[in-house]
Amino acid sequence: MSEENKSETTITLDEKINMDNIDKLFLQFSDVDSKVVKQVIIDAEDVEDIDFVGLQTIVSFLKTMENANISVEWDNLPIAIYQAATDIGFCEHLNL
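Numbered according to this note's numbering, the sequence shown spans residues 1 to 96.
Take a look at the structure:
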């Protein structure tokens, strides 16, 4: 995660998001300081594979940010995320 300014932060997703590496994604999400950050950019350009656990973790993060009045935008959304979300009916939950 890199901070571009105090009110915006970018989270860069790895190539694979699954049960084996979900802890890294969870830590990135946990690092968002809701007292300072007002917008989160999720850079998903490198994602080639994502499983149900990864999608579920992102949905949970989006809901947490919504409840904290923090906007979240996707940057470079790959077909892998869109396809996986479509397959399980998560497009609306992921704001796609």
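Note that beta-carbon positions come from the ideal geometry of N, C-alpha and C, so glycine has one too.
Remember, predicted model here, so these are calculated numbers, not experimental data.
For this session: Return the CA-CA distance between ALA68 and SER34, expressed in angstroms with no decimal places.
Result: 7 Å
Problem set entry | Which of helix, strand or coil DSSP assigns to ILE70 | coil
Problem set entry | Residue of GLN39, PHE90 and GLY54 minimising C-alpha distance to LEU27 | GLY54
Problem set entry | DSSP state of VAL59 mapped onto helix, strand, coil | helix
Problem set entry | Three-way DSSP call (helix, strand, coil) for ALA37 in this model | The residue asked about is misnamed: residue 37 is Val in this sequence, not Ala. Coil.
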